[in-house]
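Residue numbers (the numbering used here): 156 to 322. In what follows, a structure is listed as structure tokens, so that the remarks can point back to it.
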Ligand SMILES: NC(=O)c1ccc[n+]([C@@H]2O[C@H](COP(=O)([O-])OP(=O)(O)OC[C@H]3O[C@@H](n4cnc5c(N)ncnc54)[C@H](OP(=O)(O)O)[C@@H]3O)[C@@H](O)[C@H]2O)c1
């Protein structure tokens, strides 16, 4: 098999990470009937709209402190991604987190986001994504808006990226 399906493949909201669409992972899943669980479906919390450049990570316990995408300057520069989610969320009476998850759920029936959380209120909010229906028009509009954006900062540190993809 040309692809390693065991490495964590990130697929989250349009433009934040679309690698599996282009590196053959999703095509292999579809061909072989394998489900796909996206890595960090909420962009490790960023796509919820509840983080910004002032968010601090514990450097002893939280890997995100070393992830370029979570550096303050990149969190500030990537805010247009969240703004688009927030716009759709407002129209749907939803939250950015719910729209981010609804977008994943709308892609393929075998793409199954499992957002991580330690909080019941966040779990309840995230489960609300199941009730958000994104129309074809919504998806096209999101795609167009996101296609105009550049994402700033690698999703993980060099060390972590080398661990998941030594080539
Ligand atoms: N990241 C990794 O290294 C890693 C490794 C192995 C497996 N995975 C898999 O990846 C998936 C989840 O990834 P992940 O947990 O790394 O990233 P994620 O689901 O994209 O984001 C989790 C982060 O978002 C926050 N969050 C969740 N719901 C929220 C809400 N409604 N409002 C505000 N903040 C919210 C969580 O904080 P709170 O706790 O405060 O809610 C947590 O910091 C799971 O399937 C997991 O098993 C990830």
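All residues carry an ideal CB built from backbone N, CA and C; glycine is no exception.
- Within the same chain, and ignoring the five residues on either side of residue 251 in sequence, the residues whose Cβ sits closer than 7 Å to its Cβ are 202, 203, 204, 237, 240, 241, 244.
- Following the DSSP letters along the chain, one finds residue 226 in no alpha helix (DSSP H), marked with neither H nor E.
- The C-beta separation of residue 259 from residue 268 comes to about 4 Å, placing the pair in contact by the 8 Å criterion.
- The region 175 to 195 and the region 264 to 280 touch, with three or more beta-carbon pairs separated by less than 8 Å.
- Taking the Cα of residue 293 as reference, the smallest distance to any Cα among 280, 185, 255 is reached at 255.
- The beta-bridge partner set that DSSP reports for residue 189 is empty.
- Around residue 235, the same chain offers 304 as residues with beta carbons nearer than 7 Å, after the five sequence neighbours per side are excluded.
- Sequence-distant Cβ neighbours of residue 190 in its own chain, meaning closer than 8 Å and more than five residues away, are 184, 265, 266, 267.
- Note on geometry: alpha-carbon atoms of residue 173 and residue 284 lie some 20 Å from one another.
- Sequence-distant Cβ neighbours of residue 208 in its own chain, meaning closer than 8 Å and more than five residues away, are 227, 228, 230, 231.
- Assigned with DSSP and collapsed to three states, residue 265 falls in coil, not helix or strand.
- Relative to ligand 1, the beta carbon of residue 195 is positioned inside 8 Å of a heavy atom.
- Within the chosen limit of 8 Å, ligand 1 reaches the beta carbon of residue 199 through at least one heavy atom.
- Residue 243 has its CB no nearer than 8 Å to any heavy atom of ligand 1.
- Closest in alpha carbon position to residue 200, among 222, 187, 180, is 222.
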